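Notes follow the structure.
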Amino acid sequence: MTTEHVPVRLLGRSFTIGAPQSETARLADAVARLNEKAAAVRASGRVLDNEQIIVMAALNVVHDLLRDVHAQHLANSETARKIAHLIELCGRE
Numbered sequence: 017m018t019t020e021h022v023p024v025r026l027l028g029r030s031f032t033i034g035a036p037q038s039e040t041a042r043l044a045d046a047v048a049r050l051n052e053k054a055a056a057v058r059a060s061g062r063v064l065d066n067e068q069i070i071v072m073a074a075l076n077v078v079h080d081l082l083r084d085v086h087a088q089h090l091a092n093s094e095t096a097r098k099i100a101h102l103i104e105l106c107g108r109e
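Per my numbering, the very first residue in the sequence shown carries number 17; after that it's consecutive.
Here is the structure:
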């Protein structure tokens, strides 16, 4: 697996991050999402320090991710329950 050094910008600061070549597009998406969240936090006017902004933005991204994972888990559980019910109904015939 080849690792690339990918230049990224967060809140106007440049960083170089090592990532597998197959993950560079996903990394770019993650950086874009984090920058979007950081811009929203900055626009709220409640947080002034860049470090606080990036921490709040990261927390927002993780919160969104966990919400989506939880929703998917609930959907999977509901699907499994329906399949079990259908199997039970098939067994009654």
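Every residue, glycine too, gets a C-beta built ideally from N, C-alpha and C.
Small disclaimer: the values here were computed from a predicted structure and weren't measured.
Item: Going by DSSP, what residue range makes up the alpha helix (DSSP H) through R58?; Value: 40–60
Item: How long is the line joining the alpha carbons of L81 and I99, rounded to whole angstroms?; Value: 27 angstroms
Item: Using CA coordinates, which residue listed in L75, A41, T40, R42 is at the minimum distance from V57?; Value: L75
Item: How big is the Cα-Cα spacing for H21 and A35?; Value: 7 angstroms
Item: For G28, name the three-state secondary structure that DSSP assigns.; Value: coil
Item: Are A50 and V77 closer than 9 angstroms when you measure CB to CB?; Value: It is worth fixing the name first, because residue 50 is Leu in this sequence and not Ala. Their beta carbons are under 9 angstroms apart, which means L50 touches V77 by this criterion.
Item: For G34, list the residues DSSP reports as bridge partners.; Value: H21
Item: Keeping to the same chain, check which residues put their C-beta closer than 7 angstroms to that of L27; ignore five residues upstream and five downstream.; Value: A54, N66, I69, I70
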